[in-house]
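Chemist: Residue numbers (full-length UniProt numbering): 190 to 582.
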Ligand code: SF4
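1) Using the rule of at least 16 other Cβ atoms within 10 Å of the residue's Cβ for burial, across every protein chain shown, is residue 264 buried or exposed?
2) Just verifying my parser: in three-state terms, what is the DSSP assignment at residue 224?
3) Enumerate, from N- to C-terminal direction, the unbroken alpha helix (DSSP H) stretches of 4 or more residues contained entirely within the segment 301 to 335.
4) Can you give the Cα-Cα distance for residue 369 and residue 402, rounded to whole angstroms?
5) Using a Cβ cut-off of 8 Å (strictly closer), state whether residue 380 contacts chain C.
6) Go ahead and pull the three-state DSSP assignment for residue 547.
7) How long is the line joining the alpha carbons of residue 333 and residue 290, rounded to whole angstroms?
8) Use the C-beta contact count for residue 344: other C-beta atoms within 10 angstroms, 16 or more gives buried, fewer gives exposed.
9) Measuring CA to CA, which of 413, 487, 271 and 279 is closest to residue 223?
10) Going by the DSSP bridge assignment, what does residue 465 pair with across the sheet?
11) What are the start and end residues of the beta strand (DSSP E) that includes residue 263?
12) Considering only heavy atoms of the ligand SF4, list every residue whose Cβ is less than 5 Å from one of them, following chain order.
13) How big is the Cα-Cα spacing for residue 351 and residue 519?
14) Quick one: Cα of residue 335 to Cα of residue 447, how far?
15) Assuming residue 437 and residue 228 form a contact by the criterion Cβ under 8 Å, report the distance between their Cβ atoms to the nearest whole angstrom.
16) Return the first residue and the last residue of the alpha helix (DSSP H) that residue 408 is part of.
17) Helix, strand or coil, according to DSSP, for residue 389 in the structure here?
18) Are the Cβ atoms of residue 271 and residue 316 separated by less than 8 Å?
19) Quick one, which of 285, 215, 576 and 543 has its alpha-carbon nearest residue 422's?
20) Kindly indicate which residue of 526, 313, 267 and 560 has the alpha-carbon position closest to the one of residue 593.
21) Taking the beta carbon of residue 407 as the centre, do at least 16 other beta carbons fall within 10 Å, making it buried, or is it exposed?
22) Using the Cβ count rule (16 or more neighbours within 10 Å means buried), how would you classify residue 564?
23) Could you pull the start and end residues of the alpha helix (DSSP H) that residue 437 belongs to?
24) Report all residues from its chain with a CB closer than 7 Å to the CB of residue 311; omit the five preceding and five following residues, and keep chain order.
25) Would DSSP call residue 343 helix, strand or coil?
26) Where does residue 418 land, buried or exposed, given buried means 16+ other C-beta within 10 angstroms?
27) Which class does residue 205 belong to by DSSP, given the choice of helix, strand or coil?
28) Going by DSSP, what residue range makes up the alpha helix (DSSP H) through residue 578?
29) Go through its chain and collect everything with a Cβ distance to residue 234's Cβ below 6 Å, but skip five positions before and after it.
30) Closer than 6 Å by C-beta to residue 528: which residues in its own chain qualify, once you throw out the five before and the five after it? Chain order, please.
31) If you draw a straight line from the C-alpha of residue 325 to the C-alpha of residue 553, how long is it?
32) Which residues in the same chain have their Cβ closer than 6 Å to the Cβ of residue 430, if we skip the five residues on either side of it in sequence?
Spelled out as C-alpha cells, the structure:
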C-alpha cells in the first residue's frame, strides 16, 4: 500500500507509491500498464549511473520491461493525442468570440494555482486532460476486453517528473466516464484513469532495489498500439514545447500543410522575463502566443492580462521553472540545476525524429479510426476532456 517517507528533519513529506506498484506487478490477477512522461527520458539515467547518451528511450523501455510491467507505453503518444484535441480546440477557439486567452492545462501545478489564486481565469483553461490522464483513459477503455479475457484487472502506472501528478490522478472529476461514452464529469460511474504515479526518483529507486542492471540491457521498444511517438510529443517536457507542438498541428489543421518548424520555435523567441511571446500567422490569422514557467512569472503574466497591459490568444504555463525537465520528481543534484541540459536532450530527440508533428503519429491516427472518430467527438470528450469549471480545489 501507500506509505509516507519523511525528510531528515521531518519538515517535508512525499507519498511513496513504490510499494503499491510492486504489489500490483507481483499480483497474477493484475495486468500492469506503465507509461513514461516525455521529460523522464531526459533524466531517469541520472539516478542509476547512466550518462544522458547511454540512457536512451530504448534502454528506458527495456528497464520497464525488466521490472515486470505487462505493457510498456509512452506518454509521448498521449502528448500527441493531447495536441490533436487541444490543437483542434484552439482552432475552434480562434473562430469564436470567447475571452482570450486559451490556457494550456497539462500541468497540474499550474491548474491548481489558477483555481486557487485566480479562479476568474479557470474557465479559460483548455478542457483537454493532461497526457498521462488521457493515456490512462485510453488504456482503461481499449484494453478492458483483453484484460477481462485474461481474468485480470487493469492497473495503470505513470512514471512522471512531477509530484503534483500524484494529486492529479486522485481528482475524482478527472476520472473517465465508462466505456462507450457517458457524460464528462459523471463521477459516480467513472473509473480512475491512472492508479499510481511514480516520480523519477521512485522509479530509479525501484530499479536499484530490484537490481536491474540498466547499462547491460539491450535496447527494447515500447509496446504497440500505444507506444508510437513524434518529436512534438517529446518536447512537451520543456517550457514552450506544448505550445510549439500545438502550433505545428494547428497550422496543419488550418492550411493542410506542415509549417516551417522555425516559425513555431519557441526557443527562438526572445527570452524575455517574466514570459516570452511572439506573433505568427496560422493561415490568414495572426496569433499572439505567450509562454511562461515558474509560478512567480505566472503571477506576473496573469496580473498583466488582468490589467490589460498584455493580451494573447494562447498561453502555455508550466509551474516548474523551465518546465518538466526541472520537475519536482526528477533526480536532485545538490547546488546544481540540470533542467537546461535535459531540455537539450529532448530537443536533440525531436530534431532526430522522422515524425515531428502529432497529427503524423500512426498510432494516434489508428486510435481515431478505431475508437474516437475525430478530435472533439462525443467519445473524445467523454474520455479525454473535463469540465474545468465543474470542479474546484
Ligand atoms: Fe509537474 Fe512541474 Fe511539469 Fe507542472 S511543470 S507538470 S508541476 S513537473
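Even for Gly, the Cβ is constructed at its ideal location relative to N, Cα and C.
Modeler: In short, the structure shows the following:
1) With 16 or more other Cβ atoms within 10 Å, it is buried.
2) strand
3) DSSP runs (the alpha helix (DSSP H)) wholly in the segment 301 to 335: 320 to 331.
4) Residue placement at residue 369 cannot be trusted, given a pLDDT of 45 that sits under 50; what the coordinates show is reported in the next sentence. Each residue's alpha carbon lies about 42 Å from the other.
5) The structure shown contains no chain C; it holds only a single protein chain.
6) helix
7) 38 Å
8) Within 10 angstroms of the beta-carbon of residue 344 lie 16 or more other beta-carbons, which makes it buried.
9) Ranking 413, 487, 271 and 279 by Cα distance to residue 223 puts 413 first.
10) DSSP output for residue 465 lists 480 as bridge partner(s).
11) 260 to 263
12) Working through the chain, the matches are 296, 298, 350, 351, 353, 507, 508, 509, 513 and 516.
13) 7 Å
14) Each residue's Cα considered, the two are about 37 Å apart.
15) Rounded, the Cβ-Cβ distance is 19 Å, inconsistent with contact.
16) Segment: none, residue 408 is in no alpha helix (DSSP H) and carries neither H nor E.
17) helix
18) no
19) 543
20) Outside the displayed range of the chain (190 to 582) lies residue 593, so it cannot be described from this structure.
21) exposed
22) buried
23) 430 to 444
24) 303, 304, 577 and 578
25) DSSP places residue 343 in strand when its eight states are reduced to three.
26) buried
27) strand
28) From DSSP, residue 578 is part of no alpha helix (DSSP H); its letter is neither H nor E.
29) 244
30) The residues 511, 514 and 515, in chain order, have a CB closer than 6 Å to that of residue 528 in the same chain once the five nearest residues on each side in sequence are set aside.
31) 14 Å
32) Closer than 6 Å at the Cβ level, and outside the excluded window around residue 430, lie 424.
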